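Reading through the structure tokens given below for one structure.
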Amino acid sequence: MKLAMIGFGQAGGKVVDKFLEYDKRTGSEIVRAAAAVNTAKADLMGLEHVSEEQRVLIGQSRVKGHGVGADNELGAEIAEEDIDEVQGAIDSIPVHEVDAFLVVAGLGGGTGSGGAPVLAKHLKRIYTEPVYGLGILPGSDEGGIYTLNAARSFQTFVREVDNLMVFDNDAWRKTGESVQGGYEQINEEIVRRFGILFGAGEVKQGQEVAESVVDSSEIINTLSGGGVSTVGYAEEEVEETSSGGLLSRLRNDESAEELDTAHTTNRITSLVRKAALGRLTLPCEIEGAERALLVLAGPPEYLNRKGIERGRKWLEEQTGSMEVRGGDYPYRGSGFVASVILLAGVTNVPRIKELQQVAIEAQDNLEEIREESEENLEELVDDGEDELESLF
Ligand code: GDP
């Protein structure tokens, strides 16, 4: 499906930049238009693929291009004040050619955390196309203020979008790695999963003869109804031959063809299980997910309807949902078969509860310190006997 992507804040901008790179590299054509919005000039300058005209610096009169310093209330205020400047960049997007908007932001900071929900609300008011969010949760080692920001932004963002897809940095961080190098890999991971998912709805007619290609309306229907989504992924390397031939074609006999089919089906079912039970973008209990979409991507000779049907059935059992869609995404030249599972309307998410708990503690602590700080300062400045006099 074709998306208009808007990255808000540093993380949002970097991820959208990566999506553009992915699009160029794979020719998937999912990014119909892209923009990056920030209060920090340096962050915008660091982008490589978002065009200069589509980089919007907001809040110049307030923060002079230096960012909001993890103050997401200020981020939200500035976004509201300068929404016309953001709209200016969106005006150049041929909205009739996009299937949906995707607003991307890291929820732990200030600009994206505060601004993304404001932008989503604005877009929903103006356009009829669905507005999705891709929200990135901070690592638990980032500290109280980031957690508090994320918890407040999550609550607001989910209310303003048609669906909030979540990626949890905490589940993906690796110890012993530089933050920068770590993000580089994490961003690759984000773009691979969501790239295949959205790319599935963008197969051009006649491009490949697939058995049951996923249509963008199936992605939209899975995401409709609001709530929170998570994505699972698993892949297996396969050997691609130019003729698309497998064992059967080499040996040209029927028993080998049967063997191929059985093998292909088994590979698909095991990839579906691995994707659903492995690390999700937002770890959660898959039981109770309201809707799901299963996408099998890879060279067409490695995809078959039976495998997808079995995978779908298994997902229905695991989630308890009767609304499980599935299809394939013929994808040549990658050297792998991949299973991507979108689980929409998940509600059993311990990580969110934990995030909220830590956020409440951080909030209480901040209030306490603020209250005490006035008293403490007074105590410090006071000379006790009132012997000293202030200058004025
Ligand atoms: P903002 O510019 O004020 O919106 O804040 P940032 O986007 O810099 O940071 C917000 C949060 O996003 C941080 O707390 C991190 O958890 C996360 N973050 C920052 N940069 C990246 C990135 O490149 N990739 C990912 N996945 N997360 C990031």
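Numbering-wise (the UniProt record's numbering), the sequence shown opens with residue 1 and increments by one. All residues carry an ideal CB built from backbone N, CA and C; glycine is no exception. Keep in mind the model is a prediction, meaning the values are calculated, not measured.
For residue i, the three-state DSSP class (helix, strand or coil)
i	result
M5	strand
N38	strand
G135	strand
T265	helix
D17	helix
G201	coil
V86	helix
I58	coil
V238	coil
S229	strand
residue 396	An answer regarding residue 396 cannot be provided, because it is not within the stretch 1 to 392 covered by the chain.
R192	helix
R173	coil
F157	helix
S51	coil
L355	helix
D364	helix
S339	strand
V349	coil
D43	helix
Between the CA atoms of residue j and residue i - distance to the nearest angstrom
i	j	result
E81	G9	16 Å
V203	M1	8 Å
G144	G112	17 Å
S51	E316	43 Å
P130	V98	10 Å
G278	W314	15 Å
N266	T156	42 Å
E354	K24	38 Å
L102	V381	52 Å
R32	R193	18 Å
M45	Y302	43 Å
G182	D260	39 Å
residue 397	E368	Any question about residue 397 goes unanswered here, given that the chain covers just 1 to 392.
V166	A262	35 Å
W172	L164	19 Å
L57	G75	12 Å
I219	N365	42 Å
E240	V337	10 Å
Q87	V37	11 Å
E184	H122	30 Å
L3	I30	6 Å
D383	K64	39 Å
V214	G326	7 Å
V158	A11	18 Å
L280	D71	29 Å
Proximity below 9 Å, CB of residue i to CB of residue j
i	j	result
C284	R332	no
V231	E21	no
A34	V16	yes
A100	Y132	yes
V340	L197	yes
T39	G7	no
S321	R291	yes
L119	I78	no
V295	A200	yes
V346	L148	no
E189	G335	no
G114	E85	no
S153	P94	no
I308	L343	no
L137	D170	yes
Below-9 Å beta-carbon distance, residue i vs any chain B residue
i	result
V161	As a matter of chain content, chain B is missing from the structure shown, which is built from one protein chain.
Residue i beta carbon near the ligand NAD (any heavy atom closer than 8 Å)
i	result
K14	The ligand NAD is not among the ligands present in this structure, which contains only the ligand GDP.
Practice problem: Entirely within the region 89-114 and at least 4 residues each: give me those alpha helix (DSSP H) ranges in chain order. | Solution: none
Quiz item: Of all the alpha helix (DSSP H) runs that stay within the bounds of the region 262-323, which reach a length of 4 or more residues?
Solution: DSSP runs (the alpha helix (DSSP H)) wholly in the region 262-323: 305-319.
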